[in-house]
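**Student:** One structure coming up, written as C-alpha cells, with questions to follow.
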Amino acid sequence: MGQLGLPELIIIGIIALLIFGPKKLPDLGAGLGKAIRDFKGAISEPAPKEEKQEEKKEEKKEEVQK
Numbered sequence: 001m002g003q004l005g006l007p008e009l010i011i012i013g014i015i016a017l018l019i020f021g022p023k024k025l026p027d028l029g030a031g032l033g034k035a036i037r038d039f040k041g042a043i044s045e046p047a048p049k050e051e052k053q054e055e056k057k058e059e060k061k062e063e064v065q066k
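For the sequence shown, my numbering begins at 1 and goes up steadily by one.
Put into C-alpha cells, the structure is as follows:
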C-alpha cells in the first residue's frame with residue numbers, strides 16, 4: 001500500500017495536464033527541477049555559522065601555538 005504504479009502516475013499526469021494546460025507544464029517541470037537542485041546544493045554545503053566557528057577555532061589554536 002502507498003506505492004504509485006504506472007496507472008496512477010498516468011492519471012496524475014492527465015489531471016496535471018487538465019489543470020495547468022500544456023503550455024505551463026514545461027515551466028512547472030523546470031521550476032521543480034531547479035528547486036530540487038537548489039535544495040540538494042543547500043544540503044551539501046556546510047552552514048555559514050559552522051564555517052565561522054571552525055575559523056575561530058583555528059585562529060585560537062594559532063594564537064596558543066605562538
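Just so it is clear, CB atoms sit at the ideal spot from N, CA and C, and this is done for glycine as well. Values in this document were obtained by computation on a predicted structure and should not be read as measured data.
Near LEU32, which residues of its chain fall below 8 angstroms by C-beta distance, leaving aside the five closest residues on each side in sequence?
**Tutor:** Taking the first residue of the sequence shown as position 1, residue 32 is located at position 32. Nothing listed; no residue qualifies.
**Student:** For LEU6 and LYS61, what's the separation of their Cα atoms in angstroms?
**Tutor:** Counting from 1 along the sequence shown, the entry for residue 6 is found at position 6. Counting from 1 along the sequence shown, the entry for residue 61 is found at position 61. Near 58 angstroms, if we compare the C-alpha coordinates of LYS61 and LEU6.
**Student:** Could you check how far apart the C-beta atoms of LEU28 and PHE20 are, in whole angstroms? I think they sit under 8 angstroms.
**Tutor:** Taking the sequence shown and counting its residues from 1, one reaches residue 28 at position 28. Taking the sequence shown and counting its residues from 1, one reaches residue 20 at position 20. LEU28 to PHE20, Cβ: 6 angstroms. Contact.
**Student:** Please report how far the alpha carbon of GLU55 lies from the alpha carbon of LYS40, in whole angstroms.
**Tutor:** Position 55 of the sequence shown holds residue 55. Position 40 of the sequence shown holds residue 40. Cα to Cα, the separation comes out at about 25 angstroms.
**Student:** With PRO71 as the anchor, note down where its alpha helix (DSSP H) starts and where it stops.
**Tutor:** Outside the displayed range of the chain (1 to 66) lies residue 71, so it cannot be described from this structure.
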